[in-house]
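Novice:
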Amino acid sequence: MSGAYGFWGQAVRRLRSQRMAMASGVLLALIMLACLLLPLLSPYDYFTPHFELVSRGPMLAGGHILGTDPLGRDLLVRVMWGCRISLAVGLAASLVSVLIGVSWGATAGYVGGTTDALMMRAVDILYSVPFVPFVIVLTVLFGSDLWLIFLAIGAVSWLDIARIVRGETLSLKQREFIEAARVSGVRGAGMIARHIVPNLIGIVIIYATLAIPTVILFEAFLSFLGLGVQSPLASLGSLVADGTSEMQSHPHLLIVPAAFLAPSSTASTTWVTGCATRSTRGTADMSAPPPLRIRGLSVGYPSDHGPIQAVREVDLDVAAGEFLGIVGESGSGKTQLLLSILGLSAPRAELCGSIRYREQELIKLEVAALNQVRGNRISMVFQDPMTALNPYLRVGRQITEVLQVHRNVSIREAERRAIEMLESVRIPDAARRLRQYPHELSGGMRQRVMIAMALIAEPEILLADEPSTALDVTVQAQILSLFQELRARTGTAIVLVTHDLGVIAEVADRVAVMYAGRIMEQAPVHELFAHPRHPYTEALQQSIPRIDAPRSTRLASIGGTPPNPAALPAGCAFAPRCIYRLPICDSVAPPLLEIRPEHWKACHHEGELGKLRGEAA
Amino acid sequence: MLRYTARRLLGAIPTLLVIVTLAFVLLHAAPGGPFDAGKRILPEIQKSIEAKYHLDEPLWRQYLRYLGDLARGDLGPSFQYRGTSVNEIIAQGLPVDATIGVTAIALALAIGGAVGVNAALRRGTRWDYGTMAFAVAGISTPVFVVAPLLILTFAVTLHWLPAGDWVGGSPSHLLLPAIALALPYTAYIARLMRGSTIEVLNSAFIRTARAKGLPLRLIVWRHALRPTLTPLVSFLGPAIAGLLTGSIVVESVFGLPGIGRHFITAALNRDYTLVIGITVLYGGLIILFNLLADLCYAWIDPRVRLR
Chain A
1 MSGAYGFWGQ
11 AVRRLRSQRM
21 AMASGVLLAL
31 IMLACLLLPL
41 LSPYDYFTPH
51 FELVSRGPML
61 AGGHILGTDP
71 LGRDLLVRVM
81 WGCRISLAVG
91 LAASLVSVLI
101 GVSWGATAGY
111 VGGTTDALMM
121 RAVDILYSVP
131 FVPFVIVLTV
141 LFGSDLWLIF
151 LAIGAVSWLD
161 IARIVRGETL
171 SLKQREFIEA
181 ARVSGVRGAG
191 MIARHIVPNL
201 IGIVIIYATL
211 AIPTVILFEA
221 FLSFLGLGVQ
231 SPLASLGSLV
241 ADGTSEMQSH
251 PHLLIVPAAF
261 LAPSSTASTT
271 WVTGCATRST
281 RGTADMSAPP
291 PLRIRGLSVG
301 YPSDHGPIQA
311 VREVDLDVAA
321 GEFLGIVGES
331 GSGKTQLLLS
341 ILGLSAPRAE
351 LCGSIRYREQ
361 ELIKLEVAAL
371 NQVRGNRISM
381 VFQDPMTALN
391 PYLRVGRQIT
401 EVLQVHRNVS
411 IREAERRAIE
421 MLESVRIPDA
431 ARRLRQYPHE
441 LSGGMRQRVM
451 IAMALIAEPE
461 ILLADEPSTA
471 LDVTVQAQIL
481 SLFQELRART
491 GTAIVLVTHD
501 LGVIAEVADR
511 VAVMYAGRIM
521 EQAPVHELFA
531 HPRHPYTEAL
541 QQSIPRIDAP
551 RSTRLASIGG
561 TPPNPAALPA
571 GCAFAPRCIY
581 RLPICDSVAP
591 PLLEIRPEHW
601 KACHHEGELG
611 KLRGEAA
Chain B
1 MLRYTARRLL
11 GAIPTLLVIV
21 TLAFVLLHAA
31 PGGPFDAGKR
41 ILPEIQKSIE
51 AKYHLDEPLW
61 RQYLRYLGDL
71 ARGDLGPSFQ
81 YRGTSVNEII
91 AQGLPVDATI
101 GVTAIALALA
111 IGGAVGVNAA
121 LRRGTRWDYG
131 TMAFAVAGIS
141 TPVFVVAPLL
151 ILTFAVTLHW
161 LPAGDWVGGS
171 PSHLLLPAIA
181 LALPYTAYIA
191 RLMRGSTIEV
201 LNSAFIRTAR
211 AKGLPLRLIV
221 WRHALRPTLT
231 PLVSFLGPAI
241 AGLLTGSIVV
251 ESVFGLPGIG
261 RHFITAALNR
271 DYTLVIGITV
281 LYGGLIILFN
291 LLADLCYAWI
301 DPRVRLR
């Protein structure tokens, strides 16, 4: 039963976050209460005709607030009764469909094999059966008793439930407690009834609730055609039908039930979908750097727990043709930094500070002007080549459009250059690849396509966001050496973001280390590796596995966890995990200072490091 | 592609057979027959009529005879409209339903699509909330409520448009029924397009396109359009088939000479051939539009391979 609780727990939580659904639920409850109580409280009767009060408009006939029908009966009472009947049909028919659907689906899923295949094939065939005509035929041929309507509607609307229940049963079958019951000898129908069905209750209730409004509308549809509930009873559908035939002379007979039916069914749809859907939240985006001067850049996002600072007061330069590495754990803000450079941060992001590319301030640049830079002067390679290429377009088109937009060349010229470019990123048979779709290429191949796309306009700076993490190790190495080779040939500056210090050591000229949105240390690569001056850098370095270390040496890991970005400490963000921590570290964040030419660090600790190495040995 | 289509069409045969059999059994299990409902006919005449329509044969033979005729595309003679075949009745009524259906779908696509995409592009604004409120109301308000209210407003009260009739499909007579039929679809498409547009615009490949510096026009038309359309296509197949349900109501409210209005009277009069004929037609259309939707899907999305 924990499954059922989980479902309702989630449903309640979702409802709380959706005011529309909540309001609809309240409205529905009021309507239900009214249709239960009003007929009891009203002095007017449901059946008895009053021929002296035929078809009076609202307020024209004494206490008949909404007027009377062609037989002089109070319209409000009629509508409330109609509502009761619709509700009863909705509940009963949903129950019928749940009974059929659950037993069908649970049996198929539990028995499996040929039986399952046959039963699900039957469901597939029934999906193509035009069930509306069948229900019409059923009600026409066998009369319109209420119970028959329940059965007929229920009998045609169980297909979805059967499918879902079968799927759930298949997965339940794998679980331990079912195995345990099987071992203790429970079999067949007993197993389905006692162990499988109770665990399906949560999902079945959700789908049955979803079905109720549909079923009510279907009954209303039948009644409207005169095939549902018969006089003197009335459902909402037959009341609308009666009103339609009288609308020329007495429009209130149509308007009253219609005005009742439309909002209540709207409310029930809203409420039901509110229960069943998750609220969607936009995902965070990122931003990036260019010969490029970044000063005091902060990127923040509003959140329920106050603003989150993904990037905090970053100063960074990218020199022409250099290979800059940015390292940090996931969540350190390195990707956000890259995305902000090209204005690709999420719409909610708040950027302050300055990103200057040559003479242009990129922050607050209009999109049209920014597009002159994007893909042209500064381009970007994303982390996951599986999702970053458009699956609907041929690879060739995705590469050539960059040239067509930025260089205004002919399609033939663009294709010629694209083939050259693909060859230079070592894609064999380039002319044929141009005609293929992304899904026809391997992961490494797709990342090469991304790189070719990023470089085809010969940009001054290439931003690469973990370009090799989604690929396997041998391909990673190939992609990295490709970067080095391309830089040597084209003179494009490369900014490579990664969490892997080992990668940086091999390819970069200069390294910036990020932690909790700030740059902690920045130095030429040899300097940084030979003489790290920041405790965090040292800790990162110690956590790289070394093939030449004695086998007795344990791999160091950094104790503690990165700070919650919504609740950063007042002082140094690394202080809680730092083994060199001083009293001042908790209250004052150290500034980024140049301690030697080209070597910057943000740390209060002035002495030598090396404590960590001593401990690990 | 051709082989796939052929296989799907062949696969439809058992489904159609199930539909025919269900309808046949249901009708013959019902009390009453086409020629005995309170009409005073001499027994000999009734016999000769039943012999003429082969109703005196054993049921299995009637069933096989019907299947044989169906295989040749002959749906048999109608019992209630003497001297008219079911094929003729369908041939007369289908163009009416098709005209209204196509107009309604076109309206729904144009308006629903534009409104939905617009709401996605202006997410979180009043326009967006207004669109979504309209969508939920439109989806859950049934055709049989909308249609009479439209007549009451635009025909009875304002006298702008005629309240019904067909008149050879004149546009002014077509408008109200088409709007009534289109409304729920417009609302649904608006909601669908808003959702899929938001999803696609948030996807990684659109970010790549922006990073390449493409103008908005190219991003929308070349990169975002097709992925946005895929959920629409899978909705439209079953939806077009579902239009038939709506058209039964619309025909009866507006008094149009389509197929749907025959259906109920045919069932009431035990017009076996007409009921089965129309049911088979509906079933065939559902199968056909589902197949078309799958073909479209494969045409739009290069990753989908039809096997």
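If you read the sequences in order, they're chains A and B. According to the working numbering, the first sequence is numbered sequentially starting from 1. According to the working numbering, the second sequence is numbered sequentially starting from 1. Using N, Cα and C, we set each Cβ at its ideal position, and we do this for glycine too. Here the structure is a predicted model, which means the values were calculated and not measured.
(1) Between B/V280 and B/V20, is the Cβ-Cβ spacing less than 8 angstroms?
(2) Using DSSP's beta-bridge definition, name the partner residues of A/G101.
(3) Suppose the cutoff is 8 angstroms on Cβ atoms and the five residues either side in sequence are ignored; what does the same chain contact list for B/T228 look like?
(4) Can you grab the Cα-Cα spacing for the pair A/T387 / B/L175, in whole Å?
(5) So the candidates are B/V304, B/I100 and B/S48; which of them puts its Cα closest to the Cα of B/T230?
(6) What does A/M445 reach in chain B if we use C-beta pairs closer than 9 angstroms?
(7) Under 8 angstroms, do A/I355 and A/I294 count as touching if we go by C-beta distance?
(8) Can you name the start and end residues of the beta strand (DSSP E) that A/F323 belongs to?
(9) Spell out whether any CB of chain A is found under 8 angstroms from the CB atom of B/R207.
(10) Am I right that A/V507 and A/L324 are in contact with their C-beta atoms under 8 angstroms? What's the rounded C-beta distance?
(11) Taking 8 angstroms as the threshold (beta carbon to beta carbon), is B/G277 in contact with chain A?
(12) Ordered along the chain, which non-local residues of its own chain (more than five positions away) have a Cβ less than 7 angstroms from that of B/A108?
(13) Mind checking whether A/L28 and A/A267 have CB atoms under 8 angstroms apart?
(14) Among residues of its own chain, excluding the 5 on either side of B/I12, which ones have a beta-carbon nearer than 7 angstroms to its beta-carbon?
(15) Reducing DSSP to helix, strand and coil, say where B/Q62 ends up.
(16) Please identify, using Cβ separations under 7 angstroms, the residues of the stretch 397-422 of chain A that lie next to chain B, in order along the chain.
(17) What number of angstroms, rounded off, separates the C-alpha of A/H526 from the C-alpha of A/K601?
(18) Quick one: does B/R210 have its CB under 8 angstroms from some CB of chain A?
(19) Show which residues of chain A have a CB atom less than 7 angstroms away from the CB atom of B/T125.
(20) Tell me the DSSP secondary structure of A/I479 in three-state form.
(21) Give a yes or no on whether the minimum CB-CB distance between A/F382 and chain B is below 8 angstroms.
(22) What does A/K601 pair with, by DSSP beta-bridge criteria?
(23) So B/I105 packs on B/I240, CB below 8 angstroms; how close in whole Å?
(24) Can you find the residues in the same chain that come closer than 7 angstroms, C-beta to C-beta, to A/G375, ignoring five residues on each side of it along the sequence?
(25) Could you tell me the alpha carbon to alpha carbon distance between A/S332 and A/C352, rounded to whole angstroms?
(26) DSSP three-state call for A/M247: helix, strand or coil?
(27) Is the CB of B/Q259 under 8 angstroms away from at least one CB in chain A?
(28) Taking the C-alpha atoms as reference points, what is the distance between A/H534 and A/E521?
(29) At 9 angstroms on the CB atoms, spell out the chain B contacts of A/L362, in chain order.
(30) Closer than 8 angstroms, Cβ to any Cβ of chain A: which residues of the stretch 243-256 of chain B, in chain order?
(31) Is it buried or exposed, A/P198, if we count other Cβ atoms within 10 angstroms and call 16 or more buried?
(32) Would you kindly work out how many angstroms separate the C-alpha atoms of B/P171 and A/S86, rounded to a whole number?
(33) Step through the CB atoms of chain A and report whether any lies within less than 8 angstroms of the CB of B/L274.
(34) In whole angstroms, what separates the C-alpha of A/H604 from that of B/L225?
(35) Could you tell me whether the Cβ of A/A616 comes closer than 8 angstroms to any Cβ of chain B?
(36) In terms of alpha-carbon separation, which member of B/V233, B/I276 and B/S247 lies closest to B/G93?
Specialist: Working from what's here:
(1) For the purposes of this step, residue 280 of chain B is identified with residue 280 of the second sequence, where counting begins at 1. For the purposes of this step, residue 20 of chain B is identified with residue 20 of the second sequence, where counting begins at 1. Closer than 8 angstroms, so yes.
(2) To locate residue 101 of chain A, count along the first sequence from 1; it is residue 101. According to DSSP, A/G101 bridges with nothing at all.
(3) The count along the second sequence starts at 1 and reaches residue 228 of chain B at position 228. So the qualifying residues of the chain are V117, M193, S196, T197 and V200.
(4) Stepping through the first sequence from its first residue, residue 387 of chain A is reached at position 387. Stepping through the second sequence from its first residue, residue 175 of chain B is reached at position 175. Using only the alpha carbons, I get a separation of about 44 angstroms.
(5) By 1-based counting over the second sequence, the position of residue 230 of chain B is 230. The shortest Cα separation from B/T230 among B/V304, B/I100 and B/S48 belongs to B/V304.
(6) Against the first sequence, residue 445 of chain A aligns to sequence position 445. Result: empty, since nearest Cβ-Cβ is about 16 angstroms, beyond 9 angstroms.
(7) Working through the first sequence from its first residue, we reach residue 355 of chain A at position 355. Working through the first sequence from its first residue, we reach residue 294 of chain A at position 294. Going by C-beta atoms, A/I355 is nearer than 8 angstroms to A/I294.
(8) Your numbering for residue 323 of chain A matches position 323 in the first sequence. F323 to V327 is the extent of the beta strand (DSSP E) around A/F323.
(9) For the purposes of this step, residue 207 of chain B is taken as the residue at position 207 of the second sequence. Cβ-Cβ to chain A under 8 angstroms: yes for B/R207.
(10) Here residue 507 of chain A is taken as the residue at index 507 of the first sequence, counted from 1. Here residue 324 of chain A is taken as the residue at index 324 of the first sequence, counted from 1. The Cβ separation is near 10 angstroms, so there is no contact.
(11) Start at 1 with the first residue of the second sequence, and residue 277 of chain B comes out as number 277. No - not a single Cβ of chain A is within 8 angstroms of the one on B/G277.
(12) As a position in the second sequence, residue 108 of chain B is number 108, starting the count at 1. Here the set comprises A182, Y185, T186 and I189.
(13) Position 28 of the first sequence, counted from the start, is the residue given in the question as residue 28 of chain A. Position 267 of the first sequence, counted from the start, is the residue given in the question as residue 267 of chain A. Against a cut-off of 8 angstroms, the Cβ pair of A/A267 and A/L28 comes out as a contact.
(14) Start at 1 with the first residue of the second sequence, and residue 12 of chain B comes out as number 12. This sequence places Ala at residue 12 of chain B; Ile is not what is there. Answer for B/A12: I287, listed in chain order.
(15) Working through the second sequence from its first residue, we reach residue 62 of chain B at position 62. Looking at B/Q62 - three-state DSSP - the assignment turns out to be helix.
(16) E401, V402, V405 and H406
(17) Numbered from its first residue, the first sequence carries residue 526 of chain A at position 526. Numbered from its first residue, the first sequence carries residue 601 of chain A at position 601. Each residue's alpha carbon lies about 15 angstroms from the other.
(18) Taking the second sequence and counting its residues from 1, the one referred to as residue 210 of chain B is at position 210. Judged by the 8 angstroms Cβ criterion, B/R210 is in contact with chain A.
(19) Taking the first residue of the second sequence as 1, we reach residue 125 of chain B at position 125. Here the premise fails: no neighbours, minimum Cβ distance about 13 angstroms.
(20) The count along the first sequence starts at 1 and reaches residue 479 of chain A at position 479. It is helical.
(21) By 1-based counting over the first sequence, the position of residue 382 of chain A is 382. Chain B, which has a Cβ nearer than 8 angstroms to the Cβ of A/F382, makes this yes.
(22) In the first sequence, residue 601 of chain A corresponds to position 601, counting from 1. DSSP, once it has assigned bridges, lists A/E521 and A/L593 as partnering A/K601.
(23) As a position in the second sequence, residue 105 of chain B is number 105, starting the count at 1. As a position in the second sequence, residue 240 of chain B is number 240, starting the count at 1. Indeed, because the Cβ distance is near 6 angstroms, the residues count as touching under 8 angstroms.
(24) For the purposes of this step, residue 375 of chain A is taken as residue 375 along the first sequence, with counting starting at 1. Counting only Cβ-Cβ distances below 7 angstroms, and skipping sequence neighbours, we find V402, H406 and A457.
(25) Numbered from its first residue, the first sequence carries residue 332 of chain A at position 332. Numbered from its first residue, the first sequence carries residue 352 of chain A at position 352. One C-alpha to the other measures close to 18 angstroms.
(26) As a working mapping, residue 247 of chain A is identified with position 247 in the first sequence. Coil.
(27) Counted from its first residue, the second sequence places residue 259 of chain B at position 259. According to the sequence shown, residue 259 of chain B is Ile rather than Gln. No, B/I259 lies away from the interface with chain A (no Cβ there is under 8 angstroms from its Cβ).
(28) The residue you call residue 534 of chain A lines up with position 534 of the first sequence. The residue you call residue 521 of chain A lines up with position 521 of the first sequence. Going by the C-alpha atoms only, they are around 6 angstroms apart.
(29) For the purposes of this step, residue 362 of chain A is taken as the residue at position 362 of the first sequence. None at all; the shortest Cβ gap to chain B is about 12 angstroms.
(30) L244, T245, I248, V249, S252 and V253
(31) Within the first sequence, numbered from 1, the residue matching residue 198 of chain A stands at position 198. Under the 10 Å beta carbon count, A/P198 is surrounded by fewer than 16 other beta carbons and is classified as exposed.
(32) Residue numbering aside, residue 171 of chain B sits at position 171 when the second sequence is read from its first letter. Residue numbering aside, residue 86 of chain A sits at position 86 when the first sequence is read from its first letter. Spanning the two alpha carbons is a distance of roughly 37 angstroms.
(33) Your numbering for residue 274 of chain B matches position 274 in the second sequence. Taking 8 angstroms as the threshold, the shortest C-beta distance from B/L274 to chain A does not fall below it.
(34) Here residue 604 of chain A refers to the residue found at position 604 when the first sequence is read from its first residue. Here residue 225 of chain B refers to the residue found at position 225 when the second sequence is read from its first residue. About 54 angstroms.
(35) Taking the first residue of the first sequence as position 1, residue 616 of chain A is located at position 616. Confidence is the limiting factor: at A/A616 the pLDDT is only 41, short of 50, which leaves the residue's position unreliable, though a coordinate-based value still follows. It does not: the Cβ of A/A616 has no partner Cβ on chain B nearer than 8 angstroms.
(36) The residue given as residue 93 of chain B occupies position 93 in the second sequence. Here the closest residue by C-alpha is B/S247.
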